[in-house]
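Remarks on the structure that follows.
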């Protein structure tokens, strides 16, 4: 039987060890891994950092990068094009706005992985348009300066955005999965609607 | 004196000093109120976030959604990235878990059964993040870090239903009983862990911004508001005409982020740094609409709120409202139990009580008190029954959740008054009813002891 005094000491030691361990983990998590000493330490802490989701580099808005917006164009049976910007369906204060922003970012970043699902999804969603094909697009924003604004240029005009076609799919009848149209990348429509 | 003793003494002294410093940094006894504020905020934030995405559960985290299990597993590079969703096979399991998670978030927010609910919330949050790793970003990590520390912390000891239950249990034995506020060195250590996390986060965020050209050049704020995600016509117009505002905002952000980890610890500078950090995140909230991120950060900042600030805020509130005396019937079991409930929510101890059977009031006579309880105000006014409750729910913060029942005109007139009058008229019968529903074994025990 351990005496009460020793139990208190033991508890104090255990809690102190946890505090020290967790503090080192917090300090270590955002440190770049390219230093050998840091790398060695990190490998010791990595399971802990990963398991509790502490592995973050805390680099909010650095670097800023360029803005992208996902949109798609449906071509209907009579050849008319309909452009949609899906993120605009979600008001900024809805939590779904944030989640969908992430989804479309990822779709633009890795179209090979995620475009099949989305092409089928959007073809089904617009079944009433009798869609023939769908083009998935990424609108890339170029840098826009105060002098451009003061000169009356539109921030989202053709001079300051570039439309990139990610993929094109043929929509199938009856909600069947859309089939990718490979080969020549089609022209992008005008950047502004 | 032997040489060993000559060396041993300063070494022992050095260790003693180190031990003292360690204890001063980590193990200072503290109330749990800063942690409780974070708990309430995080619980509400998770409930709001995940509650509103309920229609998308299967689309976002399900196997038939846009991130199939195989795709998600592609992002998993070690066994430590675990999610309960990897073990589900049928859609109903996702939905049941989601509902359970939301209930736990609610329980976490109100502090009900906090000791185990917090673990479910942590496991659930990690599970959502690892099932679809592309969703998680900085704000999710902040929330998980705080949840993790809270799992080890003694939370639920203040501003919670657990506290209400504990106080009520004490009041059931003696209405005058007062449960002292919970404080412990371990609560202080857990608060310190969250504080260090916030300081580390600010430090790295600030340092990494310095590596980016747009932050060095003072253009970052302009660039943010010209991006489609954060575009604001009003701000772009303002910044284009007064570009110095963009530079001031850019450098001001870096200044706050770099000053925070160093100046937040001092007693004199903490209020200013805390106010600056909260202001910064309120700007993120209102100008960039980053609700989740801004509120998660503000909940982290709550760890720097000194418990004595909250105590003094409570005292100021108490002084402003003035003393209130509730006069009740000590012979009526139902009334005593109701008082125990009511007083359990009075965390600031604003309400004094008087049993008119043993301590008659000079302001309200016994004949009136036979019919209803009364609340005596500092100016000598006495409010009966329903009016008494109506008065206190607005003035006792722990009872604010009852305000709609007493102040929404239709509800209070149609239901409030009649229900109160019926209960007051039947309180003797209600007391007897309570006795009769007690288990037989309890009645036998009571009889035996009598």
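Residue numbers (our numbering), protein chains in the order written: chain X, 6 to 198; chain H, 728 to 1177.
Glycine included, every Cβ here is placed at the ideal spot set by N, Cα and C.
Item	Value
Proximity winner among X:132, X:37 and X:33, relative to residue 82 (chain X) (alpha-carbon distances)	X:132
Partner residues on chain X for residue 932 (chain H), Cβ-Cβ distance less than 8 Å	63, 64, 65 and 67
Bounding residues of the beta strand (DSSP E) (the contiguous stretch that carries residue 140 (chain X))	136 to 146
Those runs of the beta strand (DSSP E) which lie wholly inside the region 22 to 85 of chain X and span at least 3 residues	73 to 81
Per-residue contacts from residue 1246 (chain H) into chain X (C-beta, under 7 Å)	Chain H is shown from 728 up to 1177; residue 1246 (chain H) falls before or after that span and cannot be answered.
Rounded distance between the beta-carbons of residue 79 (chain X) and residue 136 (chain X), thought under 8 Å	5 Å
Chain X within 7 Å of residue 923 (chain H), Cβ atoms only	yes
Neighbour flag for residue 91 (chain X) against chain H, beta carbons, 7 Å	no
Own chain partners of residue 145 (chain X) with C-beta closer than 7 Å, once the 5 adjacent residues on each side are dropped	71, 73, 166, 167 and 169
First and last residue of the uninterrupted beta strand (DSSP E) at residue 1031 (chain H)	First-last for residue 1031 (chain H): undefined, no H or E at that position.
Per-residue contacts from residue 55 (chain X) into chain H (C-beta, under 7 Å)	805, 807 and 808
Start-to-end residues for the alpha helix (DSSP H) that takes in residue 948 (chain H)	947 to 952
Environment of residue 941 (chain H) [buried if 16+ CB atoms lie within 10 Å]	buried
Nearest-angstrom beta carbon gap, residue 758 (chain H) and residue 998 (chain H) [assumed within contact, 8 Å]	With 8 Å as the limit, residue 998 (chain H) and residue 758 (chain H) do not qualify as a contact, their Cβ atoms being about 18 Å apart.
Local Cβ density within 10 Å of residue 1066 (chain H), reported as buried at 16 or more and exposed below that	buried
Pick from X:141, X:50 and X:94 that is closest to residue 23 (chain X), judged by C-alpha positions	X:50
The region 853 to 861 of chain H in contact with the region 797 to 815 of chain H per 3-pair CB rule at 8 Å	yes
Runs of alpha helix (DSSP H) lying entirely within the region 847 to 921 of chain H, each at least 4 residues, in chain order	865 to 879 and 888 to 900
Partner residues on chain C for residue 107 (chain X), Cβ-Cβ distance less than 7 Å	Among the chains of the structure shown, chain C does not appear; the protein chains present are X and H.
Contact with chain X by residue 800 (chain H), beta-carbon distance below 7 Å	no
Burial state of residue 867 (chain H), where buried means 16 or more other Cβ atoms lie within 10 Å	buried
beta-carbon residue 775 (chain H) near the ligand SAM non-hydrogen atom, thresh 6 Å	Questions concerning the ligand SAM fall outside what the structure shown contains, since it holds no ligand whatsoever.
Neighbouring residues, chain X, relative to residue 947 (chain H) (Cβ below 8 Å)	66 and 69
Limits of the alpha helix (DSSP H) - the one that residue 820 (chain H) falls within	818 to 837
Counted within 10 angstroms of its Cβ, other Cβ atoms place residue 889 (chain H) as buried (16 or more) or exposed	buried
Residues in the region 113 to 128 of chain X having any Cβ partner in chain H nearer than 8 Å	118, 119, 122, 123 and 126
Residue 157 (chain X) versus residue 142 (chain X) - alpha carbon distance	27 Å
For residue 175 (chain X), the residue or residues it bridges with in DSSP	X:138 and X:184
Range of the contiguous beta strand (DSSP E) that encloses residue 1098 (chain H)	No beta strand (DSSP E) holds residue 1098 (chain H); the alpha helix (DSSP H) holding it covers 1093 to 1098.
Classification of residue 929 (chain H) by the beta-carbon crowding that lies within 10 angstroms, buried from 16 upward	buried
Opposing strand residues paired with residue 1082 (chain H) [DSSP bridges]	H:1055
Beta-carbon proximity of residue 918 (chain H) to residue 761 (chain H), cut-off 7 Å	yes
Chain-ordered neighbours of residue 970 (chain H) on chain X, where CB pairs are closer than 9 Å	151
Rounded separation between residue 123 (chain X) and residue 175 (chain X) - CA only	12 Å
Inter-residue spacing [alpha-carbon to alpha-carbon] between residue 1050 (chain H) and residue 1079 (chain H)	7 Å
CB of residue 895 (chain H) within 7 Å of CB of residue 1115 (chain H), strictly	no
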